[in-house]
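K.L.:
Sending over a structure as structure tokens; questions will come in a sec.
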Amino acid sequence: MTKRAVLALADGTTFEGRAFGASGETVGEVVFNTSMYGYQEILTDPSYVGQIVTMAYPEMGNIGANAGDEEAGLPHAVGMVVRSLTKTPSNWRAQETLDAYLARHGRVGIEGVDTRRLVRHLRTHGAQTGIISTENVSAAALSERARSAAGMEGLDLATGVSTKEPYVFTTPTPDVFLGTGDKQPEPELKYDVIAYDYGLKRSMLQYLVDVGCRVTVVPSHFTAEQVLAKKPHGVFLANGPGDPAAVKGADRTVAALLGKVPVFGICLGHQIMALALGGRTYKMKFGHRGGNQPVKDLTTGKVEITAQNHGFAVDDASLKGKAVVTHINLNDGTVEGLAVPDARAFSVQYHPEASPGPHDARYLFSRFATLMAGS
């Protein structure tokens, strides 16, 4: 029997639909993602901690769920909103349905929602707190509770999802078309890299390995002295959730590393590098989430279509004389890339590993390897 569900936003807007996944209630920042596929990579991206993801594309669930598409060991998004949920997957890699996958992990979903209306509402009024409930509670009461919930600004979510202990990662990107468990030829690991885990995705580590990196993943609170004592060839600053300015001590740590070793930052790591340089970050109205964001490389004039997932951005005016803005978003002009040549450091706001998304920017991992080779 299909169970009723309600999505209530903090501004009083409500949507009715049908429950899927787990029963109960979930509270989070309601955001939207424009990707047409890759919902499992999206759900398991630690950057979505504390968020309810609305998929703008109407049909979801066609490929089911499988362990190979996870970016982490469990879904980090706290809820999911879709227009139409496919009950029977049609993909040879499917191990279970999306419904069963979310239920197994205790994540609440709602289907049958007019997601076009919801996305337009969030675009106009901004991302905001919401509640998905399968309980017999009035929509007005749910909206009132959503209004009293904490927002994303000032929240250090990265420390909460970071690894508690360092570990070494040496697994390259799997080639799923060779067969389950098969891998591409093992790369020669020439570079020792320290990766700060602010909420990193597994595919980022795999692409670092692909270009010859033996990666030691460390907690977000790992000090610069601890890093430098390991004599790495480079430092990688990963993606992650929440407010970059709230990640405890991260800006001071990165500031102490700049100029000592090559540094490459992605997404939250890009924002933390900007803060380390003395810049500022700010909360965006609804952010960039999806696999179709156009970014212009100001150094070459080329345009890349990129995958993105962020709700904060770097204030370019705050970095004048401190860093070179190398990339901009062609939709709204926001900063998408920075470089500090004298410090052998660069960063991008978008996700070059994609997962899901286009592969236009994967060369950046090779650029990092080249930087380390010349250091």
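In the UniProt record's numbering, the protein residues as written are 1 to 375.
We put the beta carbon where it would ideally sit given N, CA and C, even for glycine.
Since the structure is predicted, the reported quantities are computational estimates derived from the model, not experimental observations.
Closest by CA to V215, which one among F222, T223, L142, K190?
P.N.:
Among F222, T223, L142, K190, the Cα nearest to that of V215 is on K190.
K.L.:
Does the segment 158-166 come close enough to the segment 317-328 that 3 or more CB-CB pairs lie under 8 Å?
P.N.:
No: the two stretches stay apart, fewer than three of their Cβ pairs being nearer than 8 Å.
K.L.:
Alpha helix (DSSP H) containing S148: first to last residue?
P.N.:
Here the alpha helix (DSSP H) through S148 covers 139-148.
K.L.:
Contact defined as beta carbons within less than 8 Å: I believe A8 pairs with A146. What is the distance between those atoms, to the nearest angstrom?
P.N.:
Correct: roughly 6 Å between the Cβ atoms.
K.L.:
Can you tell me whether S203 is buried or exposed? The criterion is at least 16 other CB atoms within 10 Å of its CB, across all chains shown.
P.N.:
Buried, by the Cβ-count rule.
K.L.:
Which residues does DSSP list as the beta-bridge partners of D315?
P.N.:
DSSP, once it has assigned bridges, lists no residue as partnering D315.
K.L.:
For the pair the segment 261-269 and the segment 71-90, tell me if three or more CB-CB distances fall below 8 Å.
P.N.:
No, they do not touch.
K.L.:
May I ask you to report which of helix, strand or coil DSSP gives A246?
P.N.:
It is helical.
K.L.:
In three-state terms, what does DSSP make of R214?
P.N.:
Correct three-state label for R214: strand.
K.L.:
Would you kindly work out how many angstroms separate the C-alpha atoms of A345 and G259, rounded to a whole number?
P.N.:
Whole-angstrom Cα-Cα distance: 8 Å.
K.L.:
Determine the DSSP secondary structure at R280, reduced to helix, strand or coil.
P.N.:
Here R280 sits in coil by DSSP.
K.L.:
Who are the near neighbours of G279 in its chain, counting only those whose CB is closer than 8 Å to its CB and skipping five residues on each side?
P.N.:
Closer than 8 Å at the Cβ level, and outside the excluded window around G279, lie V314, D315, S318, L319, K322, A323.
K.L.:
DSSP on V119, reduced to helix/strand/coil?
P.N.:
Residue state, collapsed to three classes: helix.
K.L.:
From which residue to which residue does the beta strand (DSSP E) around M80 run?
P.N.:
Where M80 is concerned, the enclosing beta strand (DSSP E) stretches over 79-81.
K.L.:
Would you give the residue range spanned by the alpha helix (DSSP H) that Y363 belongs to?
P.N.:
Run containing Y363: 363-373, per the alpha helix (DSSP H) assignment.
K.L.:
Considering Cα atoms alone, identify which of R18, A361, I42, G24 is closest to H310.
P.N.:
Answer by Cα proximity: I42.
K.L.:
Decide if K201 is buried, meaning its Cβ has at least 16 other Cβ atoms within 10 Å, or exposed.
P.N.:
Under this definition K201 is a buried residue.
K.L.:
What are the start and end residues of the alpha helix (DSSP H) that includes A158?
P.N.:
A158 -> alpha helix (DSSP H) spans 158-161.
K.L.:
Tell me whether the beta-carbon of H233 lies closer than 8 Å to the beta-carbon of V193.
P.N.:
Result yes, Cβ atoms of H233 and V193 sit closer than 8 Å.
K.L.:
Among residues of its own chain, excluding the 5 on either side of S84, which ones have a beta-carbon nearer than 6 Å to its beta-carbon?
P.N.:
These residues qualify, in order along the chain: P58, E59.
K.L.:
From the DSSP output, in three-state form, read off S35 for me.
P.N.:
Correct three-state label for S35: coil.
K.L.:
What are the boundary residues of the beta strand (DSSP E) that Q349 is part of?
P.N.:
Looking at the DSSP string, Q349 is not in any beta strand (DSSP E), and its letter there is neither H nor E.
K.L.:
Can you tell me whether V303 is buried or exposed? The criterion is at least 16 other CB atoms within 10 Å of its CB, across all chains shown.
P.N.:
Looking at its Cβ environment, which holds fewer than 16 other Cβ atoms inside 10 Å, V303 is exposed.
K.L.:
I need the straight-line Cα distance from N62 to L275, nearest angstrom please.
P.N.:
So the two alpha carbons sit approximately 41 Å from each other.
K.L.:
Consult DSSP for G321 and reduce its assignment to one of helix, strand or coil.
P.N.:
Correct three-state label for G321: coil.
K.L.:
Thinking A339 and T326 are a contact (beta carbons under 8 Å), I'd like their distance in whole angstroms, please.
P.N.:
Their Cβ separation, rounded to whole angstroms, is 5 Å, which keeps A339 and T326 in contact under 8 Å.
K.L.:
Any chance the segment 38-52 sits against the segment 115-124, with 3 or more Cβ pairs inside 8 Å?
P.N.:
Judged by Cβ distances under 8 Å, the segment 38-52 makes no contact with the segment 115-124, as fewer than three pairs qualify.
K.L.:
In the DSSP output, which residue or residues are listed as bridge partners for I194?
P.N.:
Beta-bridge pairing links I194 to T216, V235.
K.L.:
Just verifying my parser: in three-state terms, what is the DSSP assignment at A56?
P.N.:
Here A56 sits in coil by DSSP.
K.L.:
Put G269 into one of helix, strand or coil per three-state DSSP.
P.N.:
Of the three classes helix, strand and coil, the one that applies to G269 here is helix, per DSSP.
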